[in-house]
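Residue numbers (the working numbering): 5 to 254. These notes concern the structure reproduced below.
Next up, the structure:
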């Protein structure tokens, strides 16, 4: 009787072990950070993250057989989140710059854009050359290429007084200040400006040609970066990347 019980117990243990070995492995997580404030590249509808960058990350996660996890940060928090290994990818229409490449890695570029100078739709302001910005109160998001451009090309050349440049932590906050008449002009990425101009009472009054290239930002030197970049190249070579962009940009 005791022997029979031992065999039964062994049988149950073997079945449990077999079931465990046959159960599917849990997917590793691909952690993505975004500010969700740069349509059509990244934005939120309810609790759902959408946009070109988000769709690219979904396809990359599929190619790597990983589960996508998206966390929202303010734009200037994304880079510290990378450095602290809280995320694998920062995806928020991030321009590849020499300075950023000193502290992080990037995928191959997936989009090119310029900067736009934006005013309220009923504003009488005129901008015919970049130096004209010095006549107005100008706002932009801090720690962005807009901020860098205005600093290097206007403020440091005494073409824009320091008290006329207003910095804000987010695009949405900057846009709100423009619509409320607290600033005369706003400078940010052209295609984001075009998207907002379809929803808000704003207009593009001048374009600054910067030929900026967007890439997904990654913590410097991580092994997974090679795989992420390979997946991005596959998306580009197959035409999937172009199709993703066409879904959001006419």
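The C-beta atom is built at its ideal place from N, Cα and C for all residues, glycine as well.
Could you tell me whether any Cβ in chain C is nearer than 8 Å to the Cβ of residue 159? In summary, chain C is missing from the structure at hand, where a single protein chain is found.
For residue 70 and residue 143, which I take to be in contact (beta-carbon distance under 8 Å), what is that distance rounded to the nearest angstrom? Residue mapping note: residue 70 aligns to position 66 of the chain shown, counting from 1. Residue mapping note: residue 143 aligns to position 139 of the chain shown, counting from 1. So it is not a contact: roughly 39 Å between Cβ atoms.
Please state whether DSSP places residue 130 in a helix, a strand or coil. Mapped onto the chain shown, residue 130 falls at position 126. DSSP, reduced to helix, strand and coil, places residue 130 outside both helices and strands of the structure shown, so it counts as coil.
Hey, which unbroken runs of the beta strand (DSSP E) at 3 residues or more fall wholly within the region 69-126? The qualifying runs are 71-76, 108-110 and 115-124.
Beta-carbon proximity check, residue 39 vs residue 84, cutoff 8 Å: Taking the first residue of the chain shown as 1, we reach residue 39 at position 35. Taking the first residue of the chain shown as 1, we reach residue 84 at position 80. No. Outside cutoff.
Helix or strand or just coil, what does DSSP make of residue 152? Residue 152 sits at position 148 when you count from the first residue of the chain shown. Helix at residue 152.
Under 8 Å between the Cβ atoms of residue 140 and residue 188? Numbered from 1 along the chain shown, position 136 holds the residue referred to as residue 140. Numbered from 1 along the chain shown, position 184 holds the residue referred to as residue 188. The answer is yes: Cβ separation under 8 Å.
Under 8 Å, do residue 93 and residue 236 count as touching if we go by C-beta distance? Here residue 93 refers to the residue found at position 89 when the chain shown is read from its first residue. Here residue 236 refers to the residue found at position 232 when the chain shown is read from its first residue. No, Cβ-Cβ distance for residue 93 and residue 236 is not below 8 Å.
Find the nearest neighbour of residue 162 within the set 248, 170 and 138, judged by alpha-carbon distance. For the purposes of this step, residue 162 is taken as residue 158 along the chain shown, with counting starting at 1. Residue nearest to residue 162 within the set 248, 170 and 138 is 138 (criterion: CA-CA distance).
Exposed or buried, which one is residue 255 when buried takes at least 16 other CB atoms within 10 Å? Residue 255 lies beyond the residue range present for the chain, which begins at 5 and ends at 254; the question has no answer from this structure.
Which residues share a DSSP beta bridge with residue 54? As a working mapping, residue 54 is identified with position 50 in the chain shown. Residue 54 is bridged to 47.
Over the uninterrupted beta strand (DSSP E) stretch that includes residue 186, give me the two end residues. Counting from one through the chain shown, the residue named residue 186 turns up at place 182. Segment: none, residue 186 is in no beta strand (DSSP E) and carries neither H nor E.
Quick one: is residue 248 buried, meaning 16 or more other Cβ sit within 10 Å of its Cβ, or exposed? On the chain shown, residue 248 is found 244 positions in, with the first residue counted as 1. The residue in question, residue 248, is buried, as its Cβ has 16 or more Cβ neighbours within 10 Å.
Measuring alpha carbon to alpha carbon, tell me which residue in 154, 113, 125 and 109 is nearest residue 185. Here residue 185 refers to the residue found at position 181 when the chain shown is read from its first residue. Answer by Cα proximity: 125.
Quick check on the DSSP output: the alpha helix (DSSP H) that includes residue 220 runs from which residue to which? Locating residue 220 in the chain shown gives position 216, counting from the first residue. Looking at the DSSP string, residue 220 is not in any alpha helix (DSSP H), and its letter there is neither H nor E.
Taking 6 Å as the limit between beta carbons, can you name the residues of its chain near residue 65, skipping five residues before and five after? Working through the chain shown from its first residue, we reach residue 65 at position 61. Around residue 65: 34 and 72.
Using only the alpha-carbon positions, how far apart do residue 51 and residue 105 sit? Taking the chain shown and counting its residues from 1, the one referred to as residue 51 is at position 47. Taking the chain shown and counting its residues from 1, the one referred to as residue 105 is at position 101. Answer to the nearest angstrom: the Cα atoms are 32 Å apart.
Would you call the CB atoms of residue 60 and residue 114 closer than 8 Å? Numbered from its first residue, the chain shown carries residue 60 at position 56. Numbered from its first residue, the chain shown carries residue 114 at position 110. Yes, the pair counts as a contact, with Cβ atoms nearer than the cut-off.
Beta-ladder partner(s) of residue 41, from DSSP: Against the chain shown, residue 41 aligns to sequence position 37. Partner(s): 47.
Please name the residue, chosen from 158, 224, 152 and 172, that lies closest to residue 99 on a Cα-to-Cα basis. Sequence index remark: in the chain shown, residue 99 carries index 95 (1-based). Nearest of 158, 224, 152 and 172 to residue 99, Cα basis: 152.
What are the boundary residues of the beta strand (DSSP E) that includes residue 163? Here residue 163 refers to the residue found at position 159 when the chain shown is read from its first residue. For residue 163, there is no enclosing beta strand (DSSP E), as DSSP marks it with neither H nor E.
Close Cβ partners of residue 20 (< 7 Å) along its chain, the five nearest in sequence each way excluded: By 1-based counting over the chain shown, the position of residue 20 is 16. Residue confidence is low: residue 20 scores 46 on pLDDT, short of 50, so the model does not pin down where it sits. Its coordinate-derived value is still stated next. Same-chain partners within the cutoff: there are none.
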